[in-house]
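Numbering (the UniProt record's numbering), first residue to last: 1 to 165. The structure appears below as C-alpha cells.
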Amino acid sequence: MVNKRKNSAASSSDSSPETVDWSQIMRKAEQQVYAQRKTLAQSLIKSAQEEVESLTKQHSELLQAHRAEQKSIYTSFINPVTLRRERQQELSLKALTQDRNSRRMIIEYIELFKRCDISGVGIEAQGMMVEFEKGLKEQAGIIQLQSNVQTKPISSRKKSNSSSI
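Take a look at the structure:
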C-alpha cells in the first residue's frame, strides 16, 4: 500500500523524491484501532446490559415463584412442615445455582471490559457489574437465610428453648 503511494507520487512528480510521513500514518492507524476498540467496547457493554437485565428478570421471577410457593405451602394441609422444607431447599438450590451462573457471566464480562478499556468505558461497566453482583449476593443471602431459619428441625428448636428456660 505504501509502495503504491510511493510509485504514484514518483510518476506524477519526477523532480522531487517522495518522503513518507510515518507519524501521520501511525496516527491514522491508531485512530482506526481506537475507533474499532471503542465500537467493540460499546457492543460488549450493550450485550452485557441486556444479559444483566435478563438475569435480573429471571432472578426476580424465581423469587416471586419462591414467595408464591411459600404462601401456598402455608395454606396447604398435606404435612406442611415436610413439604415446606423440601420445596424451600429445592428453590434455594435453584436460586443459588442461578446466582453462581450470574456471577460467572459477570466475571467473564468484567474480564472482557478490562481488556477493552477505552477512556473509562470499561471501568464504568465494571462498576455497574459489581453493583449488580452485590445485589444478587444479597438476594441469594436472603433466600439462604430464609431456608436456614425455616428448615431447622423442631427438635433443635425445642432444645434451644429448654436450655434458655
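Every residue, glycine too, gets a C-beta built ideally from N, C-alpha and C. Quick caveat: nothing in here was measured; it's all calculated off a predicted structure.
- At a Cβ-Cβ threshold of 8 angstroms, leucine 91 and histidine 66 count as neighbours.
- The alpha-carbon separation between arginine 103 and threonine 56 amounts to approximately 12 angstroms.
- By the Cβ neighbour-count rule, valine 52 is buried, with 16 or more other Cβ atoms within 10 Å of its own.
- Approximately 6 angstroms separates the beta-carbon atoms of leucine 62 and glutamine 98; this is inside 8 angstroms, confirming the contact.
- Contact between glutamate 69 and arginine 85 does not hold, since their C-beta atoms are separated by about 12 angstroms, which reaches or exceeds 8 angstroms.
- Scanning its chain for C-beta atoms nearer than 7 angstroms, with the 5 sequence neighbours on each side dropped, one finds no residue around lysine 28.
- Here valine 52 carries a helix assignment [DSSP, helix/strand/coil].
- Taking every protein chain shown into account, the CB of alanine 48 has 16 or more other CB atoms within 10 angstroms, so this residue is buried.
- The same chain holds no residue with a CB closer than 7 angstroms to that of aspartate 21 once the five nearest residues on each side in sequence are set aside.
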